[in-house]
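Right, one structure below, let's go through it.
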DNA sequence: AACGGAAGTTCCCTCGGGGGAACCGCACCT
DNA sequence: AGGTGCGGTTCCCCCGAGGGAACTTCCGTT
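Residue numbers (my numbering), protein chains in the order written: chain P, 1 to 126; chain U, 1 to 126.
Shown next, in the form of structure tokens:
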């Protein structure tokens with residue numbers, strides 16, 4: 001897993017719970033993670049309710065969980081102000097922003113090739 | 001980055017069930033998908049039981065489901081021979097192989113930055 | 001005639017991610 | 001003294017991915 005090149009490590013290493021790929025794919029595979037990251041990447045900084053509005057039908061509980069997880073991973077920063085009404089601002093950390101590049105690569109692939117994937121799915125079902 | 005490169009589409013578009021990012025992240029986020037792709041990328045071609053052995057503790061049922069899903073997406077090819085004992089070979093399609101590049105980018109990011117993520121997690125719990 | 005291996009299939013169960021709905025503390029406003 | 005907006009929390013439930021374990025079919029081997 002510590003080999004220099006991309007897909008060269010032994011696949012079974014990925015079974016370890018702290019395998020880098022498991023950690024990252026596990027996180028970004030969660031239901032709302034991508035929405036939050038993409039929303040923050042566009043807006044820069046958002047408050048809780050702004051995030052709710054942008055992300056869609058997420059419930060406050062789940063949004064809180066998602067944000068706490070990303071904060072725990074050091075990908076999102078949470079700044080609370082002692083104002084009234086309370087104000088909390090979320091933004092990507094530098095680490096979080098550095099993740100945008102590889103995510104973008106996957107996104108680009110998706111944009112280009114998902115039509116093929118969807119066509120293949122339909123063929124498989126038809 | 002809201003810069004004109006990677007992450008430019010509206011985030012809420014991602015809510016649509018056929019949004020490219022949802023399709024792809026949904027698939028590679030599944031439990032065994034990455035193991036199968038990585039194993040095939042290393043070996044080129046593998047039979048069912050070889051795959052079982054490499055991927056680890058996966059049960060035959062779940063491995064079958066995973067392979068059928070990837071086959072349905074056009075990412076994996078399944079070739080069955082009328083031999084006896086039966087022989088079935090799995091390999092990546094060209095489409096599946098083209099996915100290795102963006103996955104590799106994410107993998108590289110993971111290799112480089114997961115120590116930070118894990119350190120952050122430990123801080124968050126301690 | 002029994003055995004074994006390949007490639008699954010079938011049935012049943014468990015576990016937890018995710019969702020719904022309601023509640024909470026605070027400080028203003030009026 | 002009641003209402004409002006913010007940023008959550010609490011409790012409860014449901015569904016489906018994933019797992020366990022046994023069974024199956026087809027043939028060749030011993």
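Don't be surprised by glycine CBs; every beta carbon is placed ideally from N, CA and C. From a predicted model like this one, the values you see are computed outputs, not experimental measurements.
- If you check the CB distance, residue 77 (chain U) and residue 59 (chain U) do not come in under 7 Å.
- At a C-beta separation below 7 Å, residue 117 (chain U) has these neighbours in chain P: 23, 73, 74.
- Just so you know, the alpha carbons of residue 25 (chain U) and residue 68 (chain P) end up roughly 21 Å apart.
- Close to chain U, meaning a Cβ-Cβ distance shorter than 8 Å, are the following residues of the stretch 86–112 of chain P: 95, 97, 98, 99, 100, 101, 102, 103, 104, 105, 106, 107, 108, 109, 110, 111.
- Residue nearest to residue 38 (chain P) within the set P:107, P:116, P:79, P:89 is P:107 (criterion: CA-CA distance).
- Bounds of any beta strand (DSSP E) do not take in residue 58 (chain U), whose DSSP letter is neither H nor E.
- Between residue 95 (chain U) and the set P:53, P:88, P:110, the nearest pair of CA atoms involves P:110.
- In this structure, the beta-carbon distance from residue 35 (chain U) to residue 55 (chain U) falls below 7 Å.
- In the three-state scheme derived from DSSP, where H, G and I count as helix and E and B as strand, residue 51 (chain P) is classed as helix.
- Around the beta carbon of residue 84 (chain P), a 10 Å sphere encloses fewer than 16 other beta carbons of the protein chains shown; the residue is thus reported as exposed.
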